[in-house]
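**Student:**
In the working numbering, the protein residues as written are 496 to 643.
(1) Quick one: what does DSSP say residue 584 is sitting in, helix, strand or coil?
(2) Looking at C-alpha atoms only, which residue of 585, 618, 577 is the closest neighbour of residue 512?
(3) Assuming contact is defined by CB atoms lying nearer than 8 angstroms, are residue 523 and residue 601 in contact in what I supplied?
(4) Does the separation of the CB atoms of residue 630 and residue 610 fall below 8 angstroms?
(5) So residue 572 packs on residue 637, CB below 8 angstroms; how close in whole Å?
(6) Using 8 angstroms for Cβ pairs, my map puts residue 519 next to residue 568. What's the rounded Cβ distance?
(7) What whole-angstrom Cβ distance do residue 532 and residue 515 have, given they're in contact under 8 angstroms?
(8) Compute the Euclidean distance between the alpha carbons of residue 498 and residue 595, then round it to the nearest angstrom.
(9) Based on the DSSP secondary-structure assignment, which residues constitute the bridge partners of residue 550?
(10) Considering just the uninterrupted stretch of the beta strand (DSSP E) at residue 638, what are its terminal residues?
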């Protein structure tokens with residue numbers, strides 16, 4: 496039961512709809528790891544999967560095989576923020592592969608590359624670093640649950 500307590504407060508938060516180019520993430524291991532992607536509109540997320548493939552998925556597939564109850568969306572205050580340029584960069588990478596590594600070439604680095612245009616970045620391998628990049632690139636200062 497203690498594992499669920501942090502989630503109860505999340506369910507009370509205002510919920511938002513992502514906009515094109517919003518950064519999204521979900522919990523993987525009860526807040527010990529996370530998975531990120533980029534919303535491109537029409538209920539679709541582009542992400543780097545665990546096999547190194549860049550693909551489009553639905554929100555349901557994005558959180559499948561995770562411990563997530565919801566998807567977080569990049570926001571400024573209570574408004575979702577995104578970047579059409581980032582969404583276009585993500586689309587250009589569709590159906591390509593990366594040399595996936597949990598620590599050294601992961602989903603957070605792919606999303607940071609979509610935001611900045613630098614897909615060879617080496618510094619964005621953890622969510623907290625991607626959050627800082629999202630703040631720099633989108634002006635994001637909060638994360639709210641997706642209103643699905």
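Glycine included, every Cβ here is placed at the ideal spot set by N, Cα and C. Small disclaimer: the values here were computed from a predicted structure and weren't measured.
**Tutor:** Let me spell this out:
(1) helix
(2) 577
(3) no
(4) no
(5) 6 angstroms
(6) 6 angstroms
(7) Incorrect: roughly 13 angstroms between the Cβ atoms, too far for contact.
(8) Residue placement at residue 498 is flagged as unreliable, the pLDDT there being 49, under the threshold of 50; the coordinate-derived value follows with that caveat. Their Cα atoms are separated by approximately 29 angstroms.
(9) 542
(10) 637-640
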